[in-house]
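Participant: Here it is, the structure in full.
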Amino acid sequence: MIIKPIIQGMVARSAHPLGCEQAVLEQIKIAKQSDPIKDGPKKVLILGASSGFGLASRIALTFGGCSADTIGVSLERGPCAKGGASAGWFNNHYFKQHAEASGHIAINIDGDAFAESTRLHVIEAIETYFEGEVDLIIYSLATGARPNPETGELWRSTIKPIGERIKSNLISLEDDRWSDVVLEPATEKEAQTTIKVMGGEDWESWIDTLINSESIAQGCQTIAFSYVGPEVTHPLYLDGTLGRAKIDLHQTSHSLNLKLANYRGGAYATVCKALVTKASVFIPGLTPYMIALYKVMKEKGLHEGCIEQMQRLYRDRLFGQKQVPLDCERLIRMDDWELLPEVQREVSTILTHMNSNNFAQIGDYDGFKSDFLKLNGFNFETIDYMLPVNTDVFINSNN
Ligand code: NAI
1 MIIKPIIQGM VARSAHPLGC EQAVLEQIKI AKQSDPIKDG PKKVLILGAS SGFGLASRIA
61 LTFGGCSADT IGVSLERGPC AKGGASAGWF NNHYFKQHAE ASGHIAINID GDAFAESTRL
121 HVIEAIETYF EGEVDLIIYS LATGARPNPE TGELWRSTIK PIGERIKSNL ISLEDDRWSD
181 VVLEPATEKE AQTTIKVMGG EDWESWIDTL INSESIAQGC QTIAFSYVGP EVTHPLYLDG
241 TLGRAKIDLH QTSHSLNLKL ANYRGGAYAT VCKALVTKAS VFIPGLTPYM IALYKVMKEK
301 GLHEGCIEQM QRLYRDRLFG QKQVPLDCER LIRMDDWELL PEVQREVSTI LTHMNSNNFA
361 QIGDYDGFKS DFLKLNGFNF ETIDYMLPVN TDVFINSNN
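According to UniProt numbering, the residues represented by the sequence shown are 1 to 399, in order.
Here's what the structure looks like:
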């Protein structure tokens, strides 16, 4: 079949396997060419390994200097007779292929990270492939719902402001159109359920599970990702439902840090730069800011994609240092370049002038859209998208 990009709103409904392989290979190349990560971990568990920061972490730690073996958990749509797999499934498939070809262990567990059966599967894999222990756990899930472990009832996250309605703008990736939008404030219940889904509770319960199964190595660290952003984004993010969940995640990092101190390890929330991923394009109102940010950071030679952010995180912050550099709230800051005053001054100027007619000229909309297409295996010059792909070969393939 010939596979073309199908986008509905902000969601990609198709993925090209050869393009996904290309995207993985490009990240592997960047990791190999970067200054290496030193004194890094050897046995890494990644929850949310198939895309975004989780995939980039996996690639950086395997190919970027410390030659880690990895177990990756993700929830992706596999291939079937009726249609192709999701981009994340292809990413897992090709990551494993290339990691194993270079002599690394790469175990993919495709399952719901909230399910007890997935936890048992992970513990079994740690026993079988990692001699029973992990030395880094990366929590990189992004999802819209989580079941209450006691009742099975679903908590759903919402992306809304808190307190006041705000006016903002959306840019639809489906038809490249700018529209005005009013975001109504969340109810208290919506704010609370968002904390349940995107806060720290599940991260903590994973670490508790691994402590109870004696799967934590001496010196084991754990990290989860957060976003803070500049003031202009605060009504949408930091002061909204997602921000509340992230503050909960930051607090969880402190209690996990105490638990892992028993193993001479640590736990850190890591604040990252705003980047195009499957999850971030979903945040209403963030796209105008991101295209202004991309424009300015690229012009200043400061732009990083997920792989560059993760390589720098593991090389310059988490490993190879006498001490992990932290801010006054015990956060690792990878948004340092995004928040530079000279970057934010120019971003603000662009945003002041941005409107429905000029957003593609004064912001880096082309770069933003291209990154989104590449996440799904499209827009690679080396691939002839008119050639049919035999997707049947992936059915029953060993992932
Ligand atoms: P992503 O959408 O690219 O990746 C999410 C991962 O979670 C995928 O591997 C997916 O398969 C997995 N996943 C989702 N639900 C699952 C489930 N029930 N069971 C197993 N796996 C599941 O997202 P992204 O952007 O990499 O987000 C990761 C973290 O980074 C999130 O906490 C996000 O808030 C944070 N972050 C993202 C930023 C961005 O600009 N993209 C900026 C700062 C923080």
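Don't be surprised by glycine CBs; every beta carbon is placed ideally from N, CA and C.
1. Please enumerate, following chain order, all residues with a beta carbon closer than 6 Å to at least one heavy atom belonging to the ligand NAI.
2. Out of curiosity, what's the CA-to-CA distance linking P235 and T194?
3. Would you call the region 87 to 99 and the region 19 to 33 touching, i.e. three or more CB-CB distances under 8 Å?
4. Just how far apart, CA to CA, sit L275 and Q33?
5. Whose C-alpha, out of H16, D110, Q8, is nearest the C-alpha of I46?
6. Work out the CA separation of E127 and residue 401 for me, nearest whole Å.
7. Can you determine whether any heavy atom of the ligand PLP sits closer than 7 Å to the C-beta of K29, and answer yes or no?
8. What are the residues that DSSP puts in a beta bridge with F225?
9. In the structure shown, what three-state DSSP assignment does N108 receive?
10. Measure how close the beta-carbons of L331 and V271 come, nearest whole angstrom, since I'm counting them as under 8 Å.
11. Apart from the five residues on each side of it in sequence, which residues of its chain come closer than 7 Å, Cβ to Cβ, to N148?
12. Expressed to the nearest angstrom, what Euclidean distance is found between the alpha-carbon atoms of C306 and Y314?
13. Using the C-alpha atoms, what's the distance from K322 back to S14?
14. In chain order, what residues of the same chain have a beta carbon less than 7 Å from the beta carbon of S356, not counting five sequence neighbours either side?
15. State the Cα-Cα distance for the pair C334 and W203, rounded to the nearest angstrom.
16. How big is the Cα-Cα spacing for residue 435 and F95?
17. Does the separation of the CB atoms of I123 and F359 fall below 8 Å?
18. Does I7 come out as helix, strand or coil in the three-state DSSP assignment?
19. Tell me which residues share the same chain as G367 and place their Cβ nearer than 6 Å to its Cβ, disregarding the 5 neighbours each side in the sequence.
20. With DSSP as the reference, label A31 as helix, strand or coil.
21. What are the residues that DSSP puts in a beta bridge with A145?
Facilitator: The short version:
1. The set of residues with any CB-heavy atom separation to the ligand NAI below 6 Å comprises, in chain order, G48, A49, S50, S51, G52, F53, G54, V73, S74, L75, E76, G88, D112, A113, F114, S140, L141, A142, T143, F225, S226, Y227, C272, A274, L275, T277, K278, A279, S280.
2. Taking the first residue of the sequence shown as position 1, residue 235 is located at position 235. Taking the first residue of the sequence shown as position 1, residue 194 is located at position 194. A straight line joining the alpha-carbon of P235 with that of T194 spans about 16 Å.
3. Short answer: they touch.
4. As a working note, residue 275 is residue 275 in the sequence shown. As a working note, residue 33 is residue 33 in the sequence shown. C-alpha of L275 to C-alpha of Q33: approximately 21 Å in a straight line.
5. Within the sequence shown, residue 46 is the residue found at index 46, counting from 1. Among H16, D110, Q8, the Cα nearest to that of I46 is on D110.
6. Given that the chain is displayed from residue 1 to residue 399, the structure contains no residue 401 and the question cannot be resolved.
7. Absence of the ligand PLP from the depicted structure is noted, with the ligand NAI being the only ligands included.
8. Here residue 225 refers to the residue found at position 225 of the sequence shown. Beta-bridge partners of F225 (DSSP): T270.
9. Position 108 of the sequence shown, counted from the start, is the residue given in the question as residue 108. Three-state result, N108: strand.
10. For the purposes of this step, residue 331 is identified with residue 331 of the sequence shown, where counting begins at 1. For the purposes of this step, residue 271 is identified with residue 271 of the sequence shown, where counting begins at 1. So it is a contact: roughly 5 Å between Cβ atoms.
11. The residue you call residue 148 lines up with position 148 of the sequence shown. Cβ contact annotation for N148 (same chain, cutoff 7 Å, sequence separation greater than five): W155, in chain order.
12. As a first step, residue 306 is located in the sequence shown; it is residue number 306 there, counting from the start. As a first step, residue 314 is located in the sequence shown; it is residue number 314 there, counting from the start. Distance between the alpha carbons of C306 and Y314: 12 Å.
13. For this step, residue 14 is matched to residue 14 along the sequence shown. For this step, residue 322 is matched to residue 322 along the sequence shown. Rounded to the nearest angstrom, the two C-alpha atoms are 45 Å apart.
14. Here residue 356 corresponds to residue number 356 of the sequence shown, with the count starting at 1. Result list for S356: W178, in chain order.
15. To locate residue 334, count along the sequence shown from 1; it is residue 334. To locate residue 203, count along the sequence shown from 1; it is residue 203. Cys is not the amino acid found at residue 334; the sequence shown has Met there. Spanning the two alpha carbons is a distance of roughly 20 Å.
16. Because the chain in this structure spans residues 1 to 399, residue 435 falls outside the shown range and cannot be described.
17. Here the question's residue 123 lines up with position 123 in the sequence shown. Here the question's residue 359 lines up with position 359 in the sequence shown. Contact: no.
18. Mapped onto the sequence shown, residue 7 falls at position 7. Three-state result, I7: strand.
19. On the sequence shown, residue 367 is found 367 positions in, with the first residue counted as 1. Correct list, in chain order: Y294.
20. By one-based count along the sequence shown, residue 31 stands at place 31. Reduced to three states, the DSSP call for A31 is helix.
21. Counted from its first residue, the sequence shown places residue 145 at position 145. DSSP output for A145 lists R156 as bridge partner(s).
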